[in-house]
Structures are given as structure tokens and as C-alpha cells.
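**Q**
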Amino acid sequence: MISKKIGIVDCNNFYVSCERVFNPVSTGRPTVVLSNNDGCVIARSQEAKDLGIKMGEPFFQKKEFMDEHRFCVYSSNYNLYGDMSDRVMSVIREHVSSLEIYSIDESFIDVSHVEEKDMMDFLHIIREDVKKRIGIPVSIGVGPNKTLAKLTSHIAKQNSNYKGVCSFWDLEEVRNMYYGIDVGEVWGIGRKWKKKLNSIGVDSVGQFVNSTDGWIRKNMSILGLRTKYELLGHYCNPIVTTPKTKKNVASARSFGQDVDDFSQIAEAMYVYIQNGLRKIKDDSLEAKKATIFVSGNKHKGQTHSYYKSVSFQKATCDTEEIWAQVYPELRKLFKKDKSYKKCGIVFSELTPSNQHQITLFQSSLQMVSPPSNTEKKWEMKQEFITKKYTTKWEDIPECFV
DNA sequence: TCTGGGGTCCTAGGACCC
DNA sequence: TCTGGGGTCCTAGGACCC
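Each position in the first sequence, counted from 1, maps to that position plus 39 in the numbering used here.
(1) If you draw a straight line from the alpha carbon of residue 202 to that of residue 270, how long is it in whole angstroms?
(2) Can you tell me whether residue 392 is helix, strand or coil according to DSSP?
(3) List, from N- to C-terminal side, the alpha helix (DSSP H) runs of 4 residues or more that fit wholly inside the stretch 248-331.
(4) With distance defined between alpha-carbon atoms, name the residue in 170, 352 and 390 nearest to residue 50.
(5) Please name the residue, chosen from 277, 216 and 293, that lies closest to residue 248 on a Cα-to-Cα basis.
(6) Contact check, residue 379 vs residue 304 under 8 Å by CB: the rounded distance?
(7) Locate the alpha helix (DSSP H) running through residue 141, then write down its first and last residues.
(8) On the three-pair Cβ rule with 8 Å, is the stretch 136-148 touching the stretch 85-92?
(9) Just checking, does the stretch 313-326 make contact with the stretch 365-379 on the three C-beta pairs under 8 Å criterion?
(10) Using a threshold of 8 Å, state whether the C-beta atoms of residue 174 and residue 207 are closer than that.
(11) Measure the Cβ-Cβ separation of residue 41 and residue 278 and say whether it is below 8 Å.
(12) Output yes or no for whether 8 Å exceeds the beta carbon distance between residue 162 and residue 143.
(13) Tell me whether the beta-carbon of residue 73 lies closer than 8 Å to the beta-carbon of residue 373.
(14) Buried or exposed, going by whether 16 or more other CB atoms sit within 10 Å of the CB of residue 230?
(15) Take every Cβ of the stretch 58-74, pair it with every Cβ of the stretch 107-124, and state whether three or more of those distances are shorter than 8 Å.
(16) Which value, in whole angstroms, describes the spacing of the CA atoms of residue 285 and residue 323?
(17) Provide the residue(s) that pair with residue 83 in DSSP beta bridges, ordered along the chain.
(18) Runs of 4 residues minimum, wholly inside the stretch 193-231: which ones carry the alpha helix (DSSP H) assignment?
(19) Can you give me the Cβ contacts of residue 126 inside the same chain, cut-off strictly under 6 Å, excluding the 5 residues immediately before and after it?
(20) Identify the residues that DSSP records as bridge partners of residue 387: which are they?
(21) Please work out which residues of its chain come closer than 7 Å, Cβ to Cβ, to residue 436, disregarding the five sequence neighbours upstream and downstream, and give them in chain order.
(22) Identify the continuous alpha helix (DSSP H) that holds residue 361 and give its terminal residues.
(23) Measuring CA to CA, which of 359, 43, 57 and 336 is closest to residue 309?
(24) Let's see if you can read the secondary structure: which residues bound the beta strand (DSSP E) around residue 56?
(25) Would you kindly report the start and end of the unbroken alpha helix (DSSP H) that includes residue 378?
(26) Ignore the nearest five residues each way along the sequence and tell me which others in residue 97's own chain have a CB closer than 6 Å to its CB.
(27) Have a look at residue 1 and residue 261 and give me their C-alpha separation to the nearest angstrom.
(28) Measuring only the C-alpha atoms, how far is residue 122 from residue 430?
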């Protein structure tokens with residue numbers, strides 16, 4: 040069997056790095072990017088991490104601290120990050136034959152053709168090219184499979200001597216290193232499984248790979264077992280270069296404040312439907328089913344959450360057609376004596392838009408007019424949003440020489 | 001005042017059929 | 001009417017990822 044060489048290219052502190060390309064003032068200063076509604080921290084610069092800011096920490100709890108330490112704070116700007124991501128990926132693609140975009144800031148690459156002795160040089164070239172042309176720093180880890188590529192890139196980040204790139208084949212005594220790495224660092228082992236493993240005395244990667252197949256299979260399903268075998272060097276999880284067709288498309292948001300007025304919810308839902316449909320149309324898809332939901336503010340102990348699925352007669356991506364069927368259900372879900380913090384829609388049973396099923400009995404739909412504009416209490420808070428530097432003409436930075 | 005959003009996969013259990 | 005086993009399909013829930 041020819042062994043594979045798989046790499047993971049990972050943008051460092053991606054959202055922060057994107058902001059810094061256009062706001063160099065934040066370079067060197069502790070910097071964070073906030074989730075929608077400026078709710079919690081979802082990206083941190085190294086300086087912010089060093090000051091103890093945690094991933095997912097509520098912003099309002101740290102605001103004062105951040106003011107004191109002269110933080111740069113940004114609302115998330117997904118137009119910018121999405122476009123910067125596309126640019127990073129296309130530079131990487133120039134260097135490899137096979138690339139899987141795994142998330143907005145990560146891609147797996149197949150580098151099986153590169154000799155082990157040449158690997159580090161090869162990785163440095165990619166890293167420098169992305170930095171030079173796009174301005175985004177990346178880390179790269181390479182190993183015999185995805186799980187080990189991820190673990191190797193973790194090792195690279197822990198130790199600055201690696202200068203952001205690390206090859207499994209340059210590491211000595213890998214299996215011994217496993218005893219020094221927390222099992223929770225492994226890709227595929229999350230909080231719950233880590234806790235379960237700890238409870239039987241398994242704390243390190245080394246101990247995990249020595250756990251029995253039976254226990255892992257029973258407690259962590261086939262996925263946990265696959266992770267163990269990848270840590271042992273097997274190749275179980277192939278690179279997927281053609282993007283998988285989506286199975287679900289969701290559009291949901293928390294409101295800027297609690298809302299108890301049906302017209303507000305209806306307007307928000309209408310906007311989210313349009314939002315979701317835009318994503319569906321971009322992929323040339325249509326939906327046969329949609330699930331709408333409304334829910335209370337869980338941080339105020341409100342646990343109410345109501346949802347309802349609607350199956351359409353035929354797959355569609357027509358806003359009015361969907362609204363006509365969703366609106367009456369939304370009306371029924373809404374309870375007058377409750378307040379709500381979030382609503383949304385998940386489209387499922389997606390099919391390519393050119394495959395039209397002929398419907399024999401098309402019942403006529405009672406169209407429902409779109410909601411009229413309200414004062415938009417539901418709109419999300421974005422106090423620190425930057426411009427669409429790369430995707431909107433008016434926002435393109437000017438350069439004075 | 002203020003606590004994100006969008007995905008995938010696997011499994012157990014219920015419904016239903018023969 | 002009662003009784004049993006096995007197969008398939010669907011869904012909700014739970015785990016994971018970023």
C-alpha cells in the first residue's frame with residue numbers, strides 16, 4: 040500500500056487576521072472578534088489569548104477588562120471573512136493537486152507526491168506565499184492521515200521553534216510524545232468524550248490508543264474507533280475534493296433584544312427565509328421541506344422552544360410560495376404570553392433545481408403578503424462592524440502614494 | 001441591557017409491515 | 001383474538017466539528 044501524506048492548512052486566528060489586514064492599527068494590540076449580536080468572543084489574537092480571554096466568553100463580562108488593556112474589538116464581518124477565505128484557498132490550490140475545503144479557515148491537502156526530506160521546505164513555500172499575497176498567516180501540519188495532520192499542526196502551534204509548519208516525519212519518538220498530549224486535543228474527541236475518557240483514567244493520547252476497541256466502540260461509536268486507528272497511522276478518512284452537496288441549509292439569528300410581538304417575529308422570519316433561499320439558489324438547489332422554530336431567551340431561564348416542519352408539494356426556492364405555507368404555521372407556533380430571543384428556518388430534502396418532479400395534484404396556495412416593515416427590534420447588534428473591504432466598491436480601501 | 005450560527009454523522013427506539 | 005419475530009424506515013437526540 041502506498042502511504043498517504045495529508046496536510047492541514049489552518050489560518051491563524053483567522054477572523055482577527057482578516058481584520059488586521061485592513062486595520063493594521065490592531066496589530067500587536069490584543070484583538071478580538073465577536074459573534075453575532077456582539078454576544079461572545081469567537082476569535083482572539085495571541086495577545087488576547089495571553090491575557091486570558093477565553094473562546095466563547097460573553098463580551099459584556101470582559102468589556103471593562105478589554106477597555107483597560109486597550110483591546111481592539113470587532114463585530115464579525117462574514118462578507119469579509121468569506122471573501123478572504125476564497126482568496127487564501129485559491130493560493131493554496133496553486134501548490135497542490137488535491138484540496139478539500141474543510142471550513143472557512145482550514146483546508147486539507149494531499150501532498151503524497153512530496154518526499155519526506157523535502158516536506159518542510161515545501162510547506163514553508165506555501166506558508167510564505169499565502170502570507171505575501173493575501174496577508175494571512177497560516178500553520179501547516181502534515182501526517183499520514185487527517186487526524187495526525189491535525190495533531191501535528193497542534194504540535195506546531197505549541198512550539199514556536201517550528202515556525203508554523205510541522206511534519207509528522209520530522210518528529211522523533213512520536214508515540215512517546217502521545218503521552219504528553221491531552222486526549223481532548225485530538226480532532227474528533229470533544230468535551231463529553233474527554234470527560235468520559237478521563238473518568239476511566241484515560242487522560243493522554245497515548246493512553247487513548249491503548250484503550251480497547253470494545254470500550255471505544257461501545258462508548259464513542261464507530262467514529263471514536265476510527266480516530267484511534269488514525270492515531271495509529273491508518274488512513275480511514277479520505278480527502279473529499281468535490282464539495283459534498285449540502286443536506287441542510289439553515290438561517291437563524293438571535294434578536295438584538297427580547298421580542299414579544301408577532302409582527303417582529305414574522306418580519307425576522309421573512310428575512311431569514313430570504314437569507315436561506317439565497318444560499319440554496321447559489322448552490323442551484325431547491326428545498327422540499329422546511330422546519331421553522333422560535334425560542335425563548337435561555338439565558339433568562341426561558342426554555343420554551345417551538346418548531347414545526349412543513350413539507351412542500353414540490354421542491355421550491357420561491358419566497359412567496361414558501362411564505363404562504365410557513366406563515367400560517369408560524370402564526371400557530373407563536374404564543375402571546377411568551378417572549379422570544381431567536382427564530383429561524385432549516386431547509387432540508389434539498390435537490391438540484393433542474394430536477395423537477397411533476398406534481399399531479401397541485402393544490403392552489405393562498406398567497407400571504409410579506410410582513411410590513413416594523414421598527415426592527417429583532418435586528419442584531421453590530422456595534423463594531425468593519426467595512427466590506429473586498430466585496431463592495433464603496434468600501435475598497437484607497438491608497439495614497 | 002448585554003451570552004453565536006451553521007453544519008455532519010451515528011444510534012436508539014418507535015412505527016409499521018409481513 | 002392472541003401471539004411472535006424480523007426487517008425497514010423515520011426521527012429525535014446526542015455527539016462531534018468550525
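Idealized CB from N, CA, C, for every residue including glycine. Note that the structure is predicted; figures quoted are calculated from it, not measured.
**A** On the basis of the coordinates in this document:
(1) Inter-residue distance for residue 202 and residue 270 is about 24 Å (C-alpha atoms, whole angstroms).
(2) coil
(3) As far as the stretch 248-331 is concerned, its whole alpha helix (DSSP H) runs of at least 4 residues are 252-270 and 301-321.
(4) 170
(5) Looking at the Cα atoms, 216 is the closest of the given residues.
(6) 6 Å
(7) Not the alpha helix (DSSP H): residue 141 falls in the beta strand (DSSP E), residues 138-142.
(8) Short answer: they don't touch.
(9) no
(10) Not a contact, by the Cβ cut-off of 8 Å.
(11) no
(12) no
(13) no
(14) exposed
(15) yes
(16) 11 Å
(17) 71
(18) 213-216
(19) 173
(20) DSSP output for residue 387 lists 287 and 328 as bridge partner(s).
(21) 61 and 428
(22) 358-372
(23) 359
(24) First-last for residue 56: 53-61, but that is the alpha helix (DSSP H), not the beta strand (DSSP E).
(25) Counting along the chain, residue 378 falls outside any alpha helix (DSSP H), and DSSP gives it neither H nor E.
(26) 79
(27) Here the chain comprises residues numbered 40 to 440, so residue 1 is not present and cannot be evaluated.
(28) 7 Å
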